[in-house]
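Some notes on the structure that comes next.
Chains as they are written, first to last, in the numbering used here: chain A, 3 to 179; chain B, 239 to 807.
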């Protein structure tokens, strides 16, 4: 009887610790959507302008620049040629660049991309889903992601110059080795 | 410390026993000082399970939660904490804000310094805060431990009650009768028992002693109530499980279908209506103001049945429900609820039905449907083919004077078509088309078409425009949404458990409130008759029962005279 009672006591207190711990832990670590340095970016699965499905895991394992942009955002439009140049320069060394368009019509996106002559993959977000998952507040937002799949830097607002992009690309490529 | 807990009747009682579990003799030293005071009958005087001579660490934790005093403190602190959350609006009710900095700014702007302090202390998220959840968990623990510690010994004590109780136990009850009796004791006891049975008591007899009891089940009321509360609390904590709880807002313009984020459902707004009371329906102090009579969203709910996660294909939607959502009438489907939250008066283009015209004669060559969202890329118009080259939903020019769209909304759409067909050159002609019937867009349209003509991209042979754009003062051949509705989408899987918990709790409360556990003990010592009665509430009712049964058995007493506590005063 006594032993049974003690076991019951331990079981109840253990359940309390488990349930309570979960509940309190939940309230302590409420997940914020804002991504910071060192975070793992949320996975995505989107259609590309090439009419193929592009997934996050397709780009894992190599340094990646993830650029969220829209044709309605002038700084996004302005930095696009610089991004393309950097892509051409570093692509051979394993740099990946992906542009995620901010839920625009594919026709609108396509004609701009054709105009600028972008050759890196352009993915189309739908109903702002990916944008929300990445907690975007301003456009453009560019994520520099290491080969290990963690965010090295988040640049909010236009990068503007090629030099500014290049220093970050160099840092990103270095973290790879 | 060694404590002798053996009663004179030979029963071995646990540490902390107040009244001997077997004969009822008072054991607690405080009760031995004054032999006339009524006994403390709480939990029938049994020891709480956790009362021990040498408690060790786990026992001490257990004892902490076992204390009713601690439970009361916890409830009081929780109430106090909960009230703090009501001072200012909670973060969860602010729809458009998501970031900590945005919330901080909001509280600063709305409430000044007090708001800054409120937000900094985390009181803007009182009910999700770790300390509030911790308090709830502690109350839950206290409920379980307090109940277990008391209900099990009480159950045991009530299950094996001695019929013949210690004399002091009987004479120190709240309802007492003592007297001398001459005659056939057994026959009288049988008669007295019969009378009590008529009052729905269960009666046991044992040579010269009697025990009558009724409504014991009411003693379990508080514990059943506690079981209900525990289920309730667990359900509330269960809301923390991600898929159990949802509270979000969805904007839909008329005709729009959108996925409800995080679900497999899509909602469509077929039509939104806002109705105001007419001037004659308003009270005198409301005249001249707009008072809403009805907000209504004619909504449809779809479930995605195939290609849901395929970004290449359009999802296959199956309609599952149709409902006119208005205040207090939500669309409800499989635990998902769509409530009317608010609306915005905002004209938004959906589609137009323009015609291709011969510019010089004005003759129509055919017409087609043109959508503002994801327009298709080619159109068959009469014997001509229109290919959509470019689309700018909100036309503007960028710094390099290139056409661009200002926003993602079709506020001022512009379409660039390449027309091919009979009697024109094989590469076709390029025209820009602005469906918006505003002067500015018509000016742009003309300007661009003119420059295309100069560049040699078109000959000016065609014109694209909506025929009869205004009929009876209304826009014709143009579909647009007048209102955007905002729906509050909620899901609360914890709700059924909350109801079950609340119902069980209510059953427990009713059991405890409306019935009383009454017991009567009687013993003969030679010619001396001693009767004691106890009830957990309504001793008036018990005295009436006893006086009635005694009277029927030939001993006339007034109910009042049975009151032991009254006699003392």
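Cβ coordinates follow ideal geometry from the N, Cα and C atoms, glycine included.
One thing to note: residue 725/B has its Cβ no nearer than 8 angstroms to the Cβ of residue 520/B. Taking residue 170/A as reference, the option from 26/A, 73/A, 85/A and 29/A with the minimal CA-CA separation is 85/A.
The shortest CA-to-CA distance from residue 636/B to any of 76/A, 64/A and 8/A is the one to 76/A.
Minimum Cα-Cα distance from residue 487/B among the listed residues 478/B, 499/B and 480/B corresponds to 499/B. Scanning 483/B, 472/B and 532/B for the CA closest to the CA of residue 511/B turns up 532/B. DSSP, reduced to helix, strand and coil, places residue 442/B within a strand of the structure shown. Taking a C-beta distance under 8 angstroms as the contact criterion, residue 419/B and residue 783/B do not qualify as a contact pair. Non-local C-beta neighbours of residue 426/B in its own chain, meaning closer than 8 angstroms and more than five positions away in sequence, comprise 419, 791 and 792, ordered along the chain. Counted as a single uninterrupted DSSP element, the beta strand (DSSP E) harbouring residue 701/B occupies residues 700-703. Residue 66/A and residue 124/A have their C-alpha atoms some 13 angstroms from each other. Listed in chain order, the non-local C-beta contacts of residue 595/B below 6 angstroms within the same chain comprise 602 and 701, local neighbours out to five positions each way being set aside. One finds 366, 367, 368 and 371 in chain B with Cβ atoms closer than 7 angstroms to the Cβ of residue 29/A, taken in chain order.
Boundaries of the alpha helix (DSSP H) around residue 433/B: 423-436. For residue 56/A, the enclosing beta strand (DSSP E) has its first and last residue at 55-57. Residues of chain B with a Cβ closer than 8 angstroms to the Cβ of residue 107/A are, in chain order, 611, 612, 613, 629 and 631. With fewer than 16 other Cβ atoms from the protein chains shown falling within 10 Å of its own Cβ, residue 526/B counts as exposed.
Between residue 71/A and residue 142/A the beta-carbon gap is near 5 angstroms, inside 8 angstroms, which marks them as a contact. The beta carbon of residue 707/B is closer than 8 angstroms to those of 675, 713, 714, 715 and 716 in its chain, skipping five residues each way along the sequence.
Secondary structure at residue 733/B: helix, using DSSP grouped into helix, strand and coil. Counting other Cβ atoms within 10 Å of its Cβ, residue 68/A reaches 16 or more and is therefore classed as buried. Beta-bridge pairing by DSSP links residue 507/B to 537/B. Residues of chain B with a Cβ closer than 8 angstroms to the Cβ of residue 121/A do not exist; the shortest Cβ-Cβ separation is about 20 angstroms. Residue 128/A has a beta carbon lying within less than 8 angstroms of a beta carbon in chain B. The alpha-carbon of residue 733/B is positioned some 7 angstroms away from that of residue 473/B. When beta bridges are read from the DSSP output, residue 726/B appears opposite 487/B and 577/B. Each of 356/B, 346/B, 575/B and 705/B was checked against the Cα of residue 560/B, and the nearest Cα belongs to 575/B. In this model, residue 505/B and residue 366/B are separated by some 29 angstroms (Cα to Cα). Ranked by Cα distance from residue 453/B, the first of 673/B, 757/B and 404/B is 757/B. Looking only at 554/B, 369/B and 803/B, the smallest Cα-Cα distance to residue 770/B is reached by 803/B. For a cut-off of 8 angstroms, the C-beta gap from residue 451/B to residue 440/B is around 5 angstroms, short enough to register as a contact.
With a threshold of 8 angstroms between beta carbons, residue 41/A makes no contact with chain B. Among the residues of the stretch 544-568 of chain B, those with a Cβ less than 8 angstroms away from any Cβ of chain A are 547, 548, 549 and 550, in the order of the chain. Inter-residue distance for residue 333/B and residue 577/B is about 14 angstroms (C-alpha atoms, whole angstroms). Residues of the stretch 7-22 of chain A whose Cβ lies closer than 9 angstroms to any Cβ of chain B, in chain order: 7, 8, 10, 11, 12, 14, 15, 17, 18, 21 and 22.
Contact annotation, residue 536/B with residue 572/B: C-beta distance approximately 20 angstroms; criterion of less than 8 angstroms not satisfied. Leaving aside the five residues that flank residue 167/A on each side, the residues in its chain whose CB is nearer than 7 angstroms to its CB run, in chain order, 84, 85, 88 and 161.
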